[in-house]
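What follows is a single structure, written as structure tokens, with notes after it.
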DNA sequence: TCCGAATCTTGATCTAGATCAAGTGTTTTT
DNA sequence: AAAAACACTTGATCTAGATCAAGATTCGGA
């Protein structure tokens with residue numbers, strides 16, 4: 563049940579059975595059906611979620627009601643509106659299940675308690691934020707520096723699994739282009 | 563000398579005189595002349611720098627040798643190639659002084675020691691990474707969602723100080739547009 | 001204080017990618 | 001099993017912003 567989570571933590575930190583038990587005690591397991599929202603824009607995001615099985619996307623919605631996919635999270639990844647989680651501001655993102663998805667939810671209030679009980683988690687969160695940062699900087703640089711076709715090739719190389727699981731319409735949005743354009747790129751390139 | 567740094571730390575954490583002294587002992591003060599590089603692409607970025615006085619920019623360089631400004635850092639801000647700092651990979655960014663600039667440099671090796679001596683800095687770094695993340699997500703969302711003119715208005719509102727200090731050519735790059743386009747937007751809008 | 005380099009502006013043209021529109025194919029739900 | 005919603009493709013057109021070019025202005029180092 564929690565082995566996958568434990569492995570994920572141990573990629574970043576060393577944790578004792580006792581400490582891990584404390585983590586588990588602060589976790590809530592949930593299953594979401596396809597199309598169901600884990601978080602809605604405007605609510606406060608007071609959790610981070612670990613994907614055990616399934617797939618979610620987070621997206622923002624602009625003035626013109628256009629959706630922009632920010633993150634795609636398959637199993638063994640964390641998803642949240644980290645900005646809202648960190649600052650306490652209202653969420654700008656909506657998080658939606660793309661398939662029936664099982665997640666482990668870690669509430670912010672629990673995190674605060676846990677950080678005192680299990681200080682090594684400070685390191686875990688530092689690394690988690692660091693990785694989130696690196697991934698996002700990557701995206702900024704790619705969006706700035708490369709053409710739509712180049713961005714597509716890069717994602718296909720680095721995340722081929724997305725193309726097996728996620729509708730192209732969401733991948734196009736994640737890549738910052740229209741589905742029509744992605745379709746044409748796939749046809750030619 | 564170090565009051566500004568102390569205030570910056572205390573915006574995020576509570577730190578004792580003793581702890582702060584340990585931080586200061588691990589810091590190196592440097593002054594950079596205009597146009598001089600603090601970091602060059604390809605080197606490892608083994609530090610983070612706090613700007614005491616002056617102004618720096620970080621930028622990436624793509625295949626076509628086009629520069630893309632990633633960060634503008636005036637006094638009281640931290641600058642680094644955080645990705646390289648975190649992962650140990652070679653830096654993709656160059657950091658250059660835009661004016662004569664005084665910085666406080668915190669070496670990665672010192673950070674590792676410091677984190678053991680002053681555990682509260684784990685929290686500081688977690689927050690620093692968190693803020694870096696939030697700022698970067700902001701940028702992704704703005705670049706995705708808004709037109710060049712809207713991005714300009716937003717930056718003008720949130721960072722009017724940039725327009726007093728930083729050449730428009732770098733601001734244009736930061737905003738993801740050509741200097742010509744920025745010039746026209748400023749003329750009309 | 002002067003010279004060269006950097007910065008900024010304006011005009012003319014070009015293009016990657018968006019938008020609009022319509023049809024086909026494929027899941028999901030009932 | 002049928003209907004409805006969703007996903008994908010292809011074509012025609014449009015446009016924000018890039019690129020190219022050239023002149024005017026400002027800045028900063030010797």
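Protein chains in written order, with my numbering: chain A, 563 to 751; chain B, 563 to 751. Note that the Cβ used here is the ideal one computed from N, Cα and C, for glycine as well.
Query raised in the report: DSSP state of residue 597 of chain B, grouped into three classes?
Result: Translated into the one-based positions of the second chain, residue 597 of chain B becomes position 35. Three-state result, residue 597 of chain B: coil.
Requested in this report: Can you tell me which of B:655, B:733, B:564 and B:716 puts its alpha carbon nearest to the alpha carbon of residue 627 of chain B?
Outcome: Against the second chain, residue 627 of chain B aligns to sequence position 65. Nearest Cα to residue 627 of chain B within the set B:655, B:733, B:564 and B:716: B:655.
Query raised in the report: With 16 as the cutoff for other CB atoms within 10 Å, does residue 563 of chain B come out buried or exposed?
Result: Counting from 1 along the second chain, the entry for residue 563 of chain B is found at position 1. Burial call: exposed.
**Report entry** Partners in chain A for residue 692 of chain B, counting only beta-carbon separations shorter than 8 Å
**Finding:** In the second chain, the residue the question calls residue 692 of chain B occupies position 130. Here the neighbours are 644, 648 and 691.
Requested in this report: Find out if the Cβ-Cβ distance for the pair residue 601 of chain A, residue 657 of chain A is shorter than 7 Å.
Outcome: Here residue 601 of chain A is taken as the residue at index 39 of the first chain, counted from 1. Here residue 657 of chain A is taken as the residue at index 95 of the first chain, counted from 1. Yes, these two residues count as a Cβ contact at 7 Å.
Query raised in the report: Going by the CB atoms, is the gap between residue 663 of chain A and residue 594 of chain A shorter than 7 Å?
Result: Reading the first chain from its first residue, position 32 is the one you call residue 594 of chain A. Reading the first chain from its first residue, position 101 is the one you call residue 663 of chain A. Yes. Within cutoff.
Query - Positions along the region 693-705 of chain B whose CB lies within less than 7 Å of some CB in chain A - result: Answer in chain order: 694, 695, 696, 698, 699, 701, 702, 703 and 705.
Requested in this report: Please report the residue range of the alpha helix (DSSP H) in which residue 710 of chain A lies.
Outcome: For the purposes of this step, residue 710 of chain A is identified with residue 148 of the first chain, where counting begins at 1. 710-720 is the span of the alpha helix (DSSP H), which, as asked, contains residue 710 of chain A.
Query raised in the report: Do you know how far the Cα of residue 625 of chain B is from the Cα of residue 611 of chain B?
Result: One-based indexing of the second chain puts residue 611 of chain B at position 49. One-based indexing of the second chain puts residue 625 of chain B at position 63. Rounded to the nearest angstrom, the two C-alpha atoms are 27 Å apart.
**Report entry** Neighbour-count burial assignment, residue 650 of chain A, 16 or more Cβ in a 10 Å radius
**Finding:** Within the first chain, residue 650 of chain A is the residue found at index 88, counting from 1. It is exposed - the Cβ of residue 650 of chain A has fewer than 16 other Cβ atoms within 10 Å.
**Report entry** Assigned secondary structure, residue 697 of chain A (DSSP; H/G/I helix, E/B strand, else coil)
**Finding:** Looking up residue 697 of chain A in the first chain gives position 135. Residue state, collapsed to three classes: helix.
Query raised in the report: Sorted by chain position, which residues of the same chain lie with C-beta nearer than 6 Å to residue 702 of chain B's C-beta, five sequence neighbours on each side aside?
Result: The residue given as residue 702 of chain B occupies position 140 in the second chain. Excluding positions up to five away in sequence, the list is empty.
Requested in this report: Return the CA-CA distance between residue 606 of chain A and residue 631 of chain A, expressed in angstroms with no decimal places.
Outcome: Within the first chain, residue 606 of chain A is the residue found at index 44, counting from 1. Within the first chain, residue 631 of chain A is the residue found at index 69, counting from 1. Roughly 19 Å separates the two Cα atoms.
Query raised in the report: Do residue 732 of chain B and residue 619 of chain B have their CB atoms nearer than 7 Å?
Result: Along the second chain, one-based indexing puts residue 732 of chain B at 170. Along the second chain, one-based indexing puts residue 619 of chain B at 57. Yes, the Cβ-Cβ distance between residue 732 of chain B and residue 619 of chain B is below 7 Å.
**Report entry** First and last residue of the uninterrupted beta strand (DSSP E) at residue 632 of chain A
**Finding:** Walking along the first chain from the start, residue 632 of chain A turns up at place 70. Note, residue 632 of chain A: beta strand (DSSP E), 629-636.
Query raised in the report: Just to confirm, are residue 572 of chain A and residue 684 of chain B a CB contact at a threshold of 7 Å?
Result: Taking the first chain and counting its residues from 1, the one referred to as residue 572 of chain A is at position 10. Taking the second chain and counting its residues from 1, the one referred to as residue 684 of chain B is at position 122. No.
Query raised in the report: What does residue 685 of chain B reach in chain A if we use C-beta pairs closer than 7 Å?
Result: Along the second chain, read from residue 1 onward, the residue named residue 685 of chain B stands at position 123. Per Cβ cutoff of 7 Å: 684.
Query raised in the report: Helix, strand or coil for residue 675 of chain B per DSSP?
Result: Indexing the second chain from 1 puts residue 675 of chain B at position 113. Note: residue 675 of chain B maps to helix in three-state DSSP.
**Report entry** Cross-chain neighbours of residue 681 of chain B in chain A, by beta carbon under 9 Å
**Finding:** To locate residue 681 of chain B, count along the second chain from 1; it is residue 119. The answer, in chain order, is 681 and 684.
Query raised in the report: Between residue 715 of chain A and the rest of its own chain, which residues show a CB-CB distance below 8 Å, the 5 nearest in sequence each way excluded?
Result: Locating residue 715 of chain A in the first chain gives position 153, where the first residue counts as 1. Sequence-distant partners of residue 715 of chain A (beyond 5 residues in either direction) whose C-beta falls short of 8 Å from its own C-beta, in its chain, are 751.
Query - For residue 672 of chain A and residue 588 of chain A, believed in contact at Cβ under 8 Å, the rounded distance - result: What you label residue 588 of chain A is simply residue 26 of the first chain in a count that begins at 1. What you label residue 672 of chain A is simply residue 110 of the first chain in a count that begins at 1. Going by Cβ atoms, the distance from residue 588 of chain A to residue 672 of chain A rounds to 4 Å, so yes, they are a contact pair.
Query raised in the report: Does the beta carbon of residue 630 of chain B sit closer than 7 Å to a beta carbon anywhere in chain A?
Result: As a position in the second chain, residue 630 of chain B is number 68, starting the count at 1. At least one chain A Cβ lies under 7 Å of residue 630 of chain B.
Report task. Would you kindly work out how many angstroms separate the C-alpha atoms of residue 576 of chain A and residue 591 of chain B, rounded to a whole number? Result -> Working through the first chain from its first residue, we reach residue 576 of chain A at position 14. Working through the second chain from its first residue, we reach residue 591 of chain B at position 29. The straight-line gap from Cα to Cα measures roughly 35 Å.
Query raised in the report: For residue 581 of chain B, which residues does DSSP report across the bridge?
Result: Residue numbering aside, residue 581 of chain B sits at position 19 when the second chain is read from its first letter. Residue 581 of chain B is not bridged to any residue.
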